[in-house]
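The sequence shown maps to residues 952 to 1334 in our numbering. Heads up, the thing below is written out as structure tokens.
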Amino acid sequence: MENLPYGVFRKRGRADAPRVGVAIGDHVLDIGRCGQNGLFEGTADFAASACQAPSLNFLMSLGAPHWHALRARITELLSESCPDLQEQRDGLVAAALIPMEEAEMFLPCEIGDYTDFYASIHHATRVGKLFRPANPLLPNYRQLPIAYHGRASSIVVSGAPIRRPKGQTRADSFGPTESLDYEIEVGAFIGTGNALGEAVGIDEASTHLFGFCLLNDWSARDIQKWESQPLGPFLGKSFATSISPWVVTTEALAPYRTTAVPHDPAPLPYLFSEGDQQNGAIDITLEVWLNQELMSCGNFREMYWTFAQMLTHHTSNGCNLRVGDLIASGTASGAAEESRGCLLEINSGRFLKDGDEVILRGYCERDGLSRIGFGECRGTVVG
Ligand code: CA
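In structure tokens, the structure reads:
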């Protein structure tokens, strides 16, 4: 009830168009159908009608007041204490509930552009040490959130098989990668965009974010290492990126906001606000599982750059972000050794074999109880 994440689903075995649903326990609530059954009014009804679409883009584009109205009404409908909850309404809600195991999940929205950041200073330092032991962190790292432009066309939903990519790994070699890796990240979906030429201020940045997912930035390290000098990742990353199907909203995560990592030196003024410093990080426990083995456990609150800083910096040159764009955090590693979020960082020589399954999990806890689950982001490597 606290979570109410959005996803795009279809009843398994059906041929009809997918539509937007909300996960409630082990069920999916068909929001469009609730709307057709007359369970919403006014702003919430308008937002519910956008949920008959096969992607979240229509709902996202309506903006925060509509997101809030729809969420408030869904909460009311599902609440036992709803004062006007009639037997008839109860029946209408029940008629729009589908057991989760009968739901086939799709990508939650049409993703236009995808940008992957590098916001964990712990990840950047450990990886930097492998190549520059004496000078792991480059001088710009503490000044700006570094990113590369990723590939939206190869983003797949959790469960899609990951085909081992082929590529050039040395001057005389082309073949299947021998160092396939995962990276655990958090992705953020742009709800409302910004006009070309108009930067978004740091204190407005979060209002543009509709919600969050788990993201696995599959990486072929041998291809990446050979190709990325001097321009950065290309084919070593663009063969696949997996995301979890459920989008946890900005509103649902509000109680899990926490103090951001202090910066030394202080960032330039356009990247800093007292509000973002106090509230810009998000307390999400993140886990990577490889074939039932827990590979890492960390917390997203340790990221050096906040999503507000990433979005602000992204638009600071006037670049426009659009509804459905995805920005990812970069490998979410923490200071502790057990929170290293990719195999490159663990540095044991181990990489992914055909048949290996990687599962990312994320959740927010309060009073020792898990309150907000991100679900899973799964992928199995195939040769
Ligand atoms: Ca990455």
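All residues carry an ideal CB built from backbone N, CA and C; glycine is no exception.
Relative to the C-alpha of residue i, which candidate in the options has its C-alpha closest?
i     : options                    : result
R984  : V1212, P969, G976          : P969
I1323 : T1210, F1163, F1190        : F1163
G958  : A966, E992, A1001, A995    : A1001
A1286 : I1297, W1169, Q987         : I1297
F960  : Q1003, G986, L1237, G989   : Q1003
L1095 : V1333, P1220, G1326, E1288 : P1220
E1155 : L1294, R1172, S1224, F1190 : S1224
Q1243 : V1137, T1120, L1311, L1165 : L1311
A974  : R1329, R1301, T1331, S1195 : S1195
C1328 : S1321, C1315, V1309, L1320 : V1309
V1274 : H1019, I1135, P1059, N1268 : P1059
G993  : T1210, W1018, S1006        : W1018
I982  : V1198, A999, V1078         : A999
A1171 : T1120, G1079, P1218        : T1120
G1142 : G1306, G1292, M1011, P956  : M1011
D1067 : R965, K1188, L1241, T1331  : K1188
P1116 : L1131, I1072, E1027, M1246 : L1131
K1304 : A1283, R1291, S1157, E1129 : E1129
F1302 : M1246, D1276, L1272        : M1246
C1248 : S1284, I1153, H1265        : S1284
Look up residue i in the DSSP assignment and say whether it is helix, strand or coil.
i     : result
W1240 : strand
V1044 : helix
K962  : strand
A1103 : coil
R1115 : coil
E992  : coil
G1126 : strand
A1075 : helix
R984  : helix
F1015 : The displayed chain sequence assigns Ala, not Phe, to residue 1015. In the structure shown, A1015 sits in a helix (DSSP, three-state: H, G or I).
L1089 : coil
R1317 : strand
P956  : coil
A1004 : coil
Y1069 : coil
R1312 : strand
A998  : helix
R1022 : helix
I1297 : helix
F1223 : coil
F1057 : strand
F1302 : coil
To the nearest angstrom, how far is the alpha carbon of residue i from that of residue j?
i     : j     : result
C1270 : V1107 : 25 angstroms
E1178 : L1186 : 8 angstroms
P1184 : G1313 : 26 angstroms
K1176 : L1081 : 12 angstroms
R945  : L990  : For the chain, the structure presents residues 952 to 1334; residue 945 sits outside this window and is missing.
A1098 : G1042 : 49 angstroms
S1124 : R1208 : 47 angstroms
F1190 : Q1260 : 28 angstroms
V1333 : I1113 : 6 angstroms
F1251 : L1237 : 7 angstroms
D1227 : A1211 : 7 angstroms
E953  : V971  : 18 angstroms
R1317 : N988  : 35 angstroms
M1254 : L1007 : 27 angstroms
N1086 : P1206 : 38 angstroms
A1279 : L1166 : 7 angstroms
G1148 : E1202 : 28 angstroms
L1320 : P1213 : 28 angstroms
F1009 : H1159 : 14 angstroms
L1241 : E1288 : 17 angstroms
T1263 : G1138 : 16 angstroms
D1234 : A1046 : 35 angstroms
F926  : F1325 : This structure cannot speak to residue 926, because the chain is shown only from 952 to 1334.
A1020 : S1030 : 15 angstroms
G1079 : R1291 : 14 angstroms
Q1229 : P1218 : 15 angstroms
A1146 : H1100 : 19 angstroms
P1216 : F1258 : 19 angstroms
Is residue i a contact residue of ligand 2, with contact defined as CB to any heavy atom under 7 angstroms?
i     : result
P1087 : Ligands displayed in this structure: ligand 1; ligand 2 is not among them.
- prompt: Along the chain, which unbroken stretches of the beta strand (DSSP E) at least 3 residues long are found entirely within the region 1227-1295?
  reply: 1236-1241, 1244-1250, 1277-1279
query: Where the beta carbon is closer than 6 angstroms to any heavy atom of ligand 1, which residues qualify, in chain order?
result: D1067, E1134, E1136, D1168, G1281, T1282
field: Whole beta strand (DSSP E) elements within the region 1129-1217, 3-residue minimum
entry: 1135-1141, 1160-1167, 1192-1194
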